[in-house]
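Engineer: All residue numbers for the sequence shown refer to our numbering, where the first residue is 12 and numbers rise by one.
Cβ coordinates follow ideal geometry from the N, Cα and C atoms, glycine included.
Can you keep this structure in mind? I'll have questions shortly.
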Amino acid sequence: MTATITEATYTSTAEYLKQRIPEHFKNARLGIICGSGLGGLVDTIEQSSKIEIPYNEIPGFVTSTVAGHSGKMVWGYLGESRTPTIFMVGRCHFYEGYTVQECTFPVRVMKLLGVEVLVVTNACGALNPSFKVGDVMIINDHLSMASLVAQNPLRGPNIEAFGPRFPAVSDAYTYALRKLAFKAAFETGIGKDDIHEGVYGYTSGPQYETRCEARFLASIGADTVGMSTVHEVLVARHAGMKVLGISLITNPVVTARGKDAKKEVMNEMGLDSVVDDGIDTDLMTANHEEVLETSARRAEDMQRMVKRFADIWAKENSQ
Ligand code: HPA
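As structure tokens, then:
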């Protein structure tokens, strides 16, 4: 049974954080969850005004155990527009043993701190054969069997103060923000063949997919697969935040059937002469080092793009 997190718990964490941040960051309307690859963004913003609070000092926050996902909240000015922004550097995942409610706790806290637009970023594998390692995908939609039938952060008594019992998510990834993201990408030099729009498929992990699982996800509409993001998006949309999802493709996902052992042995023993033209998929396994390496290589491009996004968004939404 999932322990319910009460409205008062979210509120008291938000109040705690308001005590710790200076007045000029209390009007931050933009929030960014920095997944693998975008953590360095906070090292490139104005350092003198930046405020950092490690997750382990924040009541109710759980801390990430994954390499490349150190956990802290950061307040800083983003882009030339100096847009006040709340960053989550690192996130917690279901596979670490936390509940999806625990993993998404910070999203509701950001809502209470005034965030209206949430940018979620992640690393993922490509199912779509036209996506290359190092490409960017703006998330158009997601596919998550977990939240369809099982682990769902909105399960339990609905907190009306955040949103309705039955929220619509057919517009989960805000169209206007997707357009701004493409504009920002093209303006910062990301080539039109290096950025796509597509469906993010969720898997709880921590293992990468089998070949058959990958084929299944591709066949039901996913372009990529990753182990985060969708629960945060559900909580954000429930609370009325607008969402932009940005994925970095860090590895191809193996969907090939692979070599046929029976054919191979029959050939070797002279029982048949049908040559197996399956490829050796044992040589193509995904690994976490590859994910980190690609993230590091594309980090600067992603950072430029997100800063430009903030500038365009701030210009269009200045009050
Ligand atoms: N599968 C699932 N999650 C991932 C992958 C993948 O191939 N790459 C990065 N995160």
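Could you round the C-beta distance between K44 and T132 to whole angstroms and report it? I think they count as a contact, below 8 Å.
Structural biologist: As a first step, residue 44 is located in the sequence shown; it is residue number 33 there, counting from the start. As a first step, residue 132 is located in the sequence shown; it is residue number 121 there, counting from the start. Correcting the residue identity first, residue 44 is Ile in this sequence and not Lys. Yes, they are in contact, since the Cβ atoms of I44 and T132 sit about 6 Å apart, within 8 Å.
Engineer: Name all residues in chain order for which at least one heavy atom of the ligand HPA lies closer than 7 Å to the residue's CB.
Structural biologist: Here the list is A134, C135, G136, T214, G216, Y219, E220, V236, G237, M238, T261, N262, V264, A297 and V302.
Engineer: For the beta strand (DSSP E) that A250 lies in, which residues bound it at each end?
Structural biologist: Position 239 of the sequence shown, counting from 1, holds the residue named residue 250. Segment: none, A250 is in no beta strand (DSSP E) and carries neither H nor E.
Engineer: Quick check on V317: does DSSP put it in helix, strand or coil?
Structural biologist: Within the sequence shown, residue 317 is the residue found at index 306, counting from 1. Here V317 sits in helix by DSSP.
Engineer: Ignore the nearest five residues each way along the sequence and tell me which others in G212's own chain have a CB closer than 6 Å to its CB.
Structural biologist: For the purposes of this step, residue 212 is identified with residue 201 of the sequence shown, where counting begins at 1. Once the five neighbours on either side are set aside, the close Cβ partners of G212 are L154, L228, A233 and V236.
Engineer: So, do the segment 119-133 and the segment 33-43 have three or more beta carbon pairs nearer to each other than 8 Å?
Structural biologist: Touching, yes.
Engineer: Take every Cβ of the segment 270-277, pair it with every Cβ of the segment 162-170, and state whether three or more of those distances are shorter than 8 Å.
Structural biologist: Taking 8 Å as the limit for Cβ pairs, the verdict is that the segment 162-170 does not touch the segment 270-277.
Engineer: Can you list, in chain order, the residues of its chain with a C-beta nearer than 6 Å to that of L255? Leave out the 5 residues immediately preceding and following it.
Structural biologist: Residue 255 sits at position 244 when you count from the first residue of the sequence shown. If we look at L255 and ignore the five residues flanking it on each side, its Cβ neighbours are V130, L188 and A192.
Engineer: Can the beta-carbon of A134 be found less than 8 Å from the beta-carbon of M316?
Structural biologist: Here residue 134 refers to the residue found at position 123 when the sequence shown is read from its first residue. Here residue 316 refers to the residue found at position 305 when the sequence shown is read from its first residue. Their beta carbons are not under 8 Å apart, which means A134 does not touch M316 by this criterion.
Engineer: From V264, E243 and H299, pick the residue whose C-alpha is nearest to that of S141; which is it?
Structural biologist: Taking the first residue of the sequence shown as position 1, residue 141 is located at position 130. When only C-alpha atoms are compared, the closest one is V264.
Engineer: Check whether the Cβ of V118 lies closer than 8 Å to any Cβ atom in chain D.
Structural biologist: The structure shown contains no chain D; it is built from a single protein chain.
Engineer: Could you work out which residue in P70, L49, Y66 and V285 is closest to Y21 when comparing CA atoms only?
Structural biologist: As a first step, residue 21 must be located in the sequence shown, where it is residue number 10. Among P70, L49, Y66 and V285, the Cα nearest to that of Y21 belongs to P70.
Engineer: Can you list, in chain order, the stretches of the beta strand (DSSP E) that have 3 or more residues and sit fully within the segment 157-240?
Structural biologist: If we require 3 residues or more, the beta strand (DSSP E) runs fully inside the segment 157-240 come out as 206-213 and 235-237.
Engineer: In terms of DSSP beta bridges, what is A134 paired with?
Structural biologist: Residue numbering aside, residue 134 sits at position 123 when the sequence shown is read from its first letter. Beta-bridge pairing links A134 to L259.
Engineer: Would you call S239 buried or exposed, if buried means 16 or more other Cβ atoms sit within 10 Å of its Cβ?
Structural biologist: Start at 1 with the first residue of the sequence shown, and residue 239 comes out as number 228. Looking at its Cβ environment, which holds 16 or more other Cβ atoms inside 10 Å, S239 is buried.
Engineer: Name the DSSP beta bridge partners of C45, please?
Structural biologist: As a working note, residue 45 is residue 34 in the sequence shown. For C45, which the question treats as bridged, DSSP gives the partners V100.
Engineer: Check whether the Cβ atoms of G90 and S60 lie closer than 8 Å to each other.
Structural biologist: For the purposes of this step, residue 90 is taken as residue 79 along the sequence shown, with counting starting at 1. For the purposes of this step, residue 60 is taken as residue 49 along the sequence shown, with counting starting at 1. No, the pair does not count as a contact, with Cβ atoms beyond the cut-off.
Engineer: What separation, rounded to the nearest whole angstrom, lies between the Cα atoms of S284 and I290?
Structural biologist: What you label residue 284 is simply residue 273 of the sequence shown in a count that begins at 1. What you label residue 290 is simply residue 279 of the sequence shown in a count that begins at 1. Looking at the two C-alpha atoms, the distance is approximately 18 Å.
Engineer: Does the segment 241-256 come close enough to the segment 215-229 that 3 or more CB-CB pairs lie under 8 Å?
Structural biologist: The segment 215-229 is not in contact with the segment 241-256.
Engineer: Label V204 either buried or exposed according to how many other C-beta atoms from any shown protein chain fall within 10 Å of its C-beta, with 16 as the threshold for buried.
Structural biologist: The residue you call residue 204 lines up with position 193 of the sequence shown. Inspection of the sequence shows that residue 204 is occupied by Asp rather than by Val. Exposed, by the Cβ-count rule.
Engineer: Report back the beta-carbon spacing between A325 and T94 to the nearest angstrom; my notes put them in contact at under 8 Å.
Structural biologist: In the sequence shown, residue 325 corresponds to position 314, counting from 1. In the sequence shown, residue 94 corresponds to position 83, counting from 1. With a Cβ gap of about 4 Å, A325 and T94 count as contacting.
Engineer: Just to confirm before moving on: does the CB-CB distance between I32 and I56 stay below 8 Å?
Structural biologist: By one-based count along the sequence shown, residue 32 stands at place 21. By one-based count along the sequence shown, residue 56 stands at place 45. No, the pair does not count as a contact, with Cβ atoms beyond the cut-off.
Engineer: What's the call for Q30, buried or exposed, on a 16-neighbour Cβ count within 10 Å?
Structural biologist: On the sequence shown, residue 30 is found 19 positions in, with the first residue counted as 1. Q30 comes out exposed.
Engineer: Output the boundary residues of the alpha helix (DSSP H) element that contains M277.
Structural biologist: Translated into the one-based positions of the sequence shown, residue 277 becomes position 266. Residues A272 to E279.
Engineer: Count the other CB atoms within 10 Å of the CB of L159; is the residue buried (16 or more) or exposed (fewer)?
Structural biologist: The count along the sequence shown starts at 1 and reaches residue 159 at position 148. So L159 ends up on the exposed side.
Engineer: For the beta strand (DSSP E) that contains P65, what are its first and last residues?
Structural biologist: Your numbering for residue 65 matches position 54 in the sequence shown. P65 -> beta strand (DSSP E) spans I62 to P65.
Engineer: Starting from G145, follow its DSSP beta bridges and name the residues at the other end.
Structural biologist: Working through the sequence shown from its first residue, we reach residue 145 at position 134. Partner(s): none; G145 has no beta bridge.
Engineer: Leaving out five residues before and five after R7 in sequence, what residues of the same chain have Cβ atoms less than 6 Å from its Cβ?
Structural biologist: Given that the chain is displayed from residue 12 to residue 330, the structure contains no residue 7 and the question cannot be resolved.
Engineer: Contact defined as beta carbons within less than 8 Å: I believe I150 pairs with Y184. What is the distance between those atoms, to the nearest angstrom?
Structural biologist: Here residue 150 corresponds to residue number 139 of the sequence shown, with the count starting at 1. Here residue 184 corresponds to residue number 173 of the sequence shown, with the count starting at 1. The Cβ separation is near 5 Å, so the contact holds.
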